[in-house]
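Chains as they are written, first to last, in the working numbering: chain A, -1 to 222; chain B, -1 to 222.
Note that the Cβ used here is the ideal one computed from N, Cα and C, for glycine as well.
Worksheet for the structure shown next.
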């Protein structure tokens, strides 16, 4: 039996025990569905067929049906998916309903861009504070937040629940800072410092963002 | 014959005709290799074995050997890869040596963050200008560039080669702007406006960046 079939069997077995089990491969694709479903909702589209969604997302209709089957929420053949239901269900699985809180470490241009964007709010995440170590920035107001000193971080983490730290600080200091954050009990790091951070041994999960990778793919496509 | 074997055979056949053919699956992974190889070079590491690279990158050594075999540049068993050679070769394939030029459209926080970062220079891309349509920003100096008005863009594109436009402007205006850029002859779009742009029918390639997707994956990992 190849590993794909084994996964499938395991998936099926699991879904018997626990209706909300979703395989890791599907999980990886869910944020993209979530994004498209939100756009549909914003345009007041409440029902969509797998065929229509397929055209929109450039994914085969059969892939969509496979991915979304486990969520239910769709009626008879030809009736299409209930967009609002699916959006809610996917959000729930991805942790949107957990009401996570986040702080931004590094209040330079990128930190400010993120603080001003709807990126947290849209995913049910409360941004609660911005930190920096530069006297030029500390005390300034950015998007309604007064930037705090890094010296206040430990105290802040003691008095407030912080699930996620967004790392928009220089590469040279990011590793040391990440270690400190882990020791303060922060369990999620969203790292923009274009270097790989791995603190799984401290029970911390990290998403390392590498924006340059997509720029290189773009360059490659331009050479073809 | 399964599709993987077919790809393999085709790859082998192609590499007989043309030594620099690399399969799309490998291409997709190259930016990540490029990034790690740069870090090695920065740390004066000039040779690395597939085993060491495997540990560093959390990829199996056999995957690495498969991916990098087509580039040559490695000596006898146990001698390891020539880091500088591989870095140069991968850069060449990804278009680094094409000396592409780019402009940033939208000089808000994200545009400024990108302009100040080494993200272009590191990939052999010349950032030549920043544009905005806000009178508050036009004429201001950002990272050594005087922000130009969007009204000057068409003229600028006539007098200068522009390969890539970086779209760091609001979602509400990005589609219209992208169409205009395509009509001005720009062939590559790097889109940060968190909406999907597809102008392949105009011969334009686009990389749509969705930073929120990795944030959602992080949230999901936090719920486990």
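- Closer than 9 Å to the CB of residue 215 of chain A there is at least one CB belonging to chain B.
- Between the stretch 182 to 197 of chain B and the stretch 158 to 166 of chain B, the count of C-beta pairs closer than 8 Å reaches three or more; the two stretches touch.
- In the DSSP assignment, residue 189 of chain A falls within the beta strand (DSSP E) that extends over 186 to 189.
- Counted as a single uninterrupted DSSP element, the beta strand (DSSP E) harbouring residue 124 of chain B occupies residues 124 to 130.
- Contacts with chain A at 9 Å (Cβ-Cβ) include residue 220 of chain B.
- For the stretch 183 to 216 of chain A, the set of positions with a beta-carbon nearer than 9 Å to some beta-carbon of chain B reads 185, 186, 187, 188, 190, 192, 193, 194, 196, 203, 204, 205, 206, 207, 208, 209, 210, 211, 212, 213, 214, 215, 216 in chain order.
- Note that the stretch 49 to 60 of chain A does not touch the stretch 98 to 107 of chain A; fewer than 3 beta-carbon pairs, one per stretch, sit closer than 8 Å.
- Using a 10 angstroms sphere on the CB of residue 144 of chain B, the tally of other CB atoms stays under 16, which defines it as exposed.
- With the criterion set as a beta carbon lying under 8 Å from some beta carbon of chain B, the members of the stretch 82 to 104 of chain A are 91, 92, 93, 94, 96, 98, in sequence order.
- Taking a beta-carbon distance threshold of 9 Å, residue 137 of chain A does not count as an interface residue toward chain B.
- Per DSSP, the unbroken beta strand (DSSP E) holding residue 102 of chain A starts and ends at 99 to 103.
- Listed along chain A, no residue sits closer than 8 Å to residue 35 of chain B by beta-carbon distance, the nearest being about 12 Å off.
- The stretch 212 to 221 of chain B and the stretch 22 to 29 of chain A touch, with no fewer than 3 CB-CB distances between them shorter than 8 Å.
- At a cut-off of 9 Å between beta carbons, residue 128 of chain B makes no contact with chain A.
- Distance from the Cα of residue 155 of chain A is smallest, within the candidate group A/142, A/139, A/181, A/131, for A/181.
- For residue 161 of chain A, the closest C-alpha among the options A/53, A/127, A/213 is that of A/127.
- Using a Cβ-Cβ cut-off of 9 Å, residue 161 of chain A is close to 217, 220 of chain B, given in chain order.
- Distance from the CA of residue 114 of chain A to the CA of residue 173 of chain B, rounded to the nearest whole angstrom, comes to 21 Å.
- The beta carbon of residue 38 of chain A is closer than 7 Å to those of 46, 81 in its chain, skipping five residues each way along the sequence.
- Any Cβ of chain B closer than 9 Å to the Cβ of residue 124 of chain A would place that residue at the interface, and such an atom is absent.
- Our two residues, residue 152 of chain B and residue 177 of chain B, have alpha carbons roughly 13 Å apart in a direct line.
- In the structure shown, the three-state DSSP call for residue 77 of chain B is coil.
- Close to residue 23 of chain A, with beta-carbon spacing below 9 Å, lies no residue of chain B; the smallest spacing is near 13 Å.
- For residue 26 of chain A, a Cβ of chain B is located within less than 9 Å of the residue's own Cβ.
- For the set B/136, B/65, B/213, B/35, the Cα lying nearest the Cα of residue 23 of chain B is the one of B/65.
- When DSSP states are grouped into helix, strand and coil, residue 203 of chain A belongs to the strand group.
- Judged by their CB atoms, residue 185 of chain A and residue 207 of chain A are not nearer to each other than the 9 Å cut-off.
- Here residue 34 of chain A is actually not in contact with residue 88 of chain A; their C-beta atoms are around 10 Å apart, not less than 8 Å.
- C-alpha of residue 146 of chain A to C-alpha of residue 131 of chain B: approximately 32 Å in a straight line.
- From the beta-carbon of residue 107 of chain B, the residues of chain A found nearer than 8 Å are 107, 108, 110, 111, 114.
- The beta carbon of residue 46 of chain B does not come within 9 Å of any beta carbon belonging to chain A, so the residue lies off that interface.
- For residue 48 of chain B, the number of other beta carbons within 10 angstroms of its own is at least 16, and it is reported as buried.
- With a threshold of 9 Å between beta carbons, residue 63 of chain B makes no contact with chain A.
- The CB of residue 117 of chain A comes closer than 9 Å to the CB of 192, 209, 210, 213 in chain B, given here in chain order.
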